[in-house]
Amino acid sequence: MSRPQEKDKKFLLILSRFEDYMLLERASSQNTLKAYSSDLKAWYCYCKKNEIPPLNLTGDSISRFLTEQSITGKSRNTVQRNAAVLSSFSRFLAYDGYSEIQPLLDPLPKRSVAIPQIMTEGEIQRIINVCEDGTLLGARDRAVIELAYGVGLRASELCNIKLRDIDDHNGLIYTRGKGDKERAVPYVGGVRKVTERYIKEVRPSLNKLELEWLFLSRTGKQMRREFLWHILQKRGKAANISSSRLYPHILRHTFATHLLRNGMNQRTLQEILGHTSILTTEKYTHLDTEIHDFYDKYHPRS
Numbered sequence: 013m014s015r016p017q018e019k020d021k022k023f024l025l026i027l028s029r030f031e032d033y034m035l036l037e038r039a040s041s042q043n044t045l046k047a048y049s050s051d052l053k054a055w056y057c058y059c060k061k062n063e064i065p066p067l068n069l070t071g072d073s074i075s076r077f078l079t080e081q082s083i084t085g086k087s088r089n090t091v092q093r094n095a096a097v098l099s100s101f102s103r104f105l106a107y108d109g110y111s112e113i114q115p116l117l118d119p120l121p122k123r124s125v126a127i128p129q130i131m132t133e134g135e136i137q138r139i140i141n142v143c144e145d146g147t148l149l150g151a152r153d154r155a156v157i158e159l160a161y162g163v164g165l166r167a168s169e170l171c172n173i174k175l176r177d178i179d180d181h182n183g184l185i186y187t188r189g190k191g192d193k194e195r196a197v198p199y200v201g202g203v204r205k206v207t208e209r210y211i212k213e214v215r216p217s218l219n220k221l222e223l224e225w226l227f228l229s230r231t232g233k234q235m236r237r238e239f240l241w242h243i244l245q246k247r248g249k250a251a252n253i254s255s256s257r258l259y260p261h262i263l264r265h266t267f268a269t270h271l272l273r274n275g276m277n278q279r280t281l282q283e284i285l286g287h288t289s290i291l292t293t294e295k296y297t298h299l300d301t302e303i304h305d306f307y308d309k310y311h312p313r314s
């Protein structure tokens with residue numbers, strides 16, 4: 013198996029030959045070469061982070077790369093240039109024998125990727141701060157927002173958490189997502205402290221019906237999706253955040269985007285978000301330390 017340094021050298025060597033090809037055979041300008049080189053180095057860094065062979069340019073891997081570029085703030089023009097560069101590079105690799113994959117004529121997605129709206133870290137902090145109003149419901153609302161943003165749960169998953177789903181010993185919350193797929197998400201740091209405070213100091217006063225759901229309404233009923241929307245609208249208004257941007261799923265979108273921007277690789281993020289197949293109990297145990305380490309490193313409020 014090649015050492016990482018050898019793989020780096022191989023890619024840089026091929027990149028140098030590609031630059032020669034662009035300069036000598038395509039008569040590209042120095043500015044164009046610099047832009048192409050920068051784009052391909054960004055592609056290489058993305059591949060290393062996500063454990064993708066950088067010389068095997070497939071439509072699927074490039075589409076994910078371009079989506080991440082958009083999510084992390086790159087302009088539409090930059091993303092289009094990325095696509096054109098990778099298309100040219102794939103043809104060069106195929107024609108010069110570096111890759112057996114068919115060259116890509118148009119790696120851009122056929123439909124433009126809809127980038128979800130997100131909140132800034134400052135807005136997250138503001139909406140959390142306004143919950144600290146000295147009331148029981150304020151403490152509950154903070155726990156709801158912290159947990160939704162802290163672990164990236166879907167609104168339905170957040171509403172369906174039961175006390176027995178919380179694994180204090182391993183620092184995990186077990187939840188079921190789409191297709192009734194079970195997964196574990198990290199339950200650590202500030203999110204855990206705020207949630208434990210709610211469980212100990214607030215929830216007993218709300219649990220008039222002796223239910224097992226984690227989050228309860230003022231009347232003691234299970235929290236519903238529309239109730240989460242009401243919390244965001246109320247607290248968002250107090251934090252001077254436009255109500256049109258506040259909907260239950262925005263906290264999950266924000267969680268994912270902030271982690272990507274801070275450098276988390278897509279494989280780990282997909283496991284946390286539940287975009288993969290069911291994780292067995294054994295796999296939960298195997299990934300426990302790794303996922304906690306990634307979470308502690310990349311989440312703004314870990």
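At position 144 of the sequence shown the residue is numbered 156 (this note's numbering), and the sequence of numbers has no breaks. In this text, a Cβ means the ideal position worked out from N, Cα and C, and glycines have one as well. Predicted, not measured: the structure shown is a model, and the values here were computed from it.
- Per DSSP, the beta-bridge partners of Gln-234 are Leu-228.
- Judged by DSSP in its simplified three-state form, Ile-64 adopts coil rather than helix or strand.
- In this structure, Leu-244 and Lys-233 do not form a Cβ contact; the two beta carbons are roughly 19 angstroms apart against a cut-off of 8 angstroms.
- The three-state secondary structure of Lys-246, taken from DSSP, is helix.
- Here the segment 138-155 makes no contact with the segment 183-193; the two share fewer than three CB pairs at distances below 8 angstroms.
- Residue burial is scored here from C-beta neighbours: Gln-81 has at least 16 other C-beta atoms within 10 angstroms and is therefore classed as buried.
- In the three-state reduction of the DSSP assignment, Lys-220 falls in the coil class.
- The segment 253-273 and the segment 174-189 do not touch, with fewer than three beta-carbon pairs separated by less than 8 angstroms.
- In the three-state DSSP reduction, Leu-184 falls in the strand class (E or B).
- Under the three-state reduction of DSSP output, Ile-173 falls in the coil class, being neither helix nor strand.
- In the DSSP annotation of this structure, Val-200 is not part of any alpha helix (DSSP H), being labelled neither H nor E.
- DSSP, read as helix, strand or coil, puts Asp-108 in coil.
- Under DSSP, the beta-bridge partners assigned to Asp-179 are Leu-184.
- For Thr-147, the secondary structure class from DSSP, reduced to helix, strand or coil, is coil.
- Looking only at Tyr-107, Ser-87, Ile-83 and Arg-88, the smallest Cα-Cα distance to Leu-67 is reached by Tyr-107.
- For Met-34, the three-state secondary structure derived from DSSP is helix.
- If you ignore the 5 residues before and after Ala-251, its C-beta comes within less than 6 angstroms of the C-beta of Arg-138, Ile-139 and Val-142, all in its own chain and listed in chain order.
- Bounds of any alpha helix (DSSP H) do not take in Arg-166, whose DSSP letter is neither H nor E.
- With contact defined as three or more Cβ pairs closer than 8 angstroms, the segment 68-75 and the segment 20-39 are not in contact.
- Close CB contacts of Leu-218 within its chain, under the 6 angstroms cut and outside five residues either way in sequence, are with Leu-228 and Gly-232 (chain order).
- Taken through DSSP and simplified to helix, strand or coil, Val-142 comes out as coil.
- By the Cβ test, the segment 48-57 is in contact with the segment 93-107, since at least three Cβ pairs between them sit closer than 8 angstroms.
- For Ser-82, the enclosing alpha helix (DSSP H) stretches over residues 71-83.
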